[in-house]
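See structure below.
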Amino acid sequence: MVVAVCLLLLAPSAHADWNAGEAAKWIQLPDLETTGIDINGTGPFILADDFECTETGYITGIHLWSSWRSDILPANGPDQVAFILSIHEDIPAEQSPTGYSMPGAVLWWRQFGPGDFTVRPFAEGIEEGWMTPPDNYGFPGDTVCWQYNFRVPIDGAFLQEGSPDQPRVYWLDVQARPLEPGPEWGWK
3 MVVAVCLLLL APSAHADWNA GEAAKWIQLP DLETTGIDIN GTGPFILADD
53 FECTETGYIT GIHLWSSWRS DILPANGPDQ VAFILSIHED IPAEQSPTGY
103 SMPGAVLWWR QFGPGDFTVR PFAEGIEEGW MTPPDNYGFP GDTVCWQYNF
153 RVPIDGAFLQ EGSPDQPRVY WLDVQARPLE PGPEWGWK
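3 is the number of the first residue of the sequence shown in this note's numbering; add one for each residue after it.
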């Protein structure tokens, strides 16, 4: 199942943690209202979101907004999780067997473990829904939005291509693997 969710891809000049006002290549801030939903991205689920590139450059930072189902974190904190992030080519709707655009071939991937990323509370005291694919929805699902910040060294970064006249679409895939059984991570 492919789900539209939020991501941020940063230029190489970005700071250690993304903050509003920082230069970004692509941003979709999370819906923090009661209409917001976290989609379970805990393995075996893999979630994906597409983004349009209108400027060629390296992706050196990826920022995700997420929550933990029922606010149940891993025992030693929200950083006790491994992530697999990958960038894929786009299969346009007219070429897709589903009739919708979807991720194609893997162009880049990387696994991030504790210490390879930073995490901070982004918003607290919120009420949002939680969905485990394909259709298990519950409300409220969580009350805290977490921001995960992934830095990619330039020598291991993905070079996205595109221009305003010839934009190119890519997909970011995300899977979370908590280091202990039980907690479930959801991508907004």
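Cβ atoms here follow ideal geometry from the backbone N, Cα and C, with glycine treated the same way.
Alpha carbon of residue i to alpha carbon of residue j, nearest angstrom
i: ASP73; j: GLU57; result: 38 angstroms
i: PRO66; j: ARG122; result: Looking at the sequence provided, one finds Leu at residue 66 rather than Pro. So the two alpha carbons sit approximately 11 angstroms from each other.
i: ILE89; j: ILE64; result: 11 angstroms
i: GLU129; j: ILE39; result: 9 angstroms
i: ASP51; j: GLY115; result: 21 angstroms
i: GLU54; j: GLU182; result: 35 angstroms
i: TRP187; j: GLU163; result: 31 angstroms
i: GLY140; j: PHE124; result: 22 angstroms
i: LEU12; j: ILE61; result: Any reading at LEU12 must be qualified, since the residue scores a pLDDT of 41, below 50, and its modelled position is unreliable; the value itself is stated next. Roughly 6 angstroms between the two C-alpha positions.
i: CYS147; j: SER69; result: 5 angstroms
First and last residue of the uninterrupted beta strand (DSSP E) at residue i
i: GLY127; result: 119-134
i: ASN42; result: 39-42
i: THR145; result: 138-153
Residue i burial status per 10 Å Cβ neighbour count (16 or more: buried)
i: ASP157; result: exposed
i: GLY43; result: buried
i: LEU143; result: Correcting the residue identity first, residue 143 is Gly in this sequence and not Leu. Per the 10 Å Cβ criterion, buried.
Cβ distance (whole Å) where residue i is taken to contact residue j below 8 angstroms
i: PHE119; j: VAL176; result: The pair is not a contact, with the Cβ atoms about 12 angstroms apart (cut-off 8 angstroms).
Self-check item: Any 3 or more C-beta pairs closer than 8 angstroms across the stretch 30-44 and the stretch 105-122
Solution: no
Practice problem: Decide if the stretch 73-86 is in contact with the stretch 160-168; the criterion is three or more beta carbon pairs, one per stretch, under 8 angstroms apart. | Solution: no
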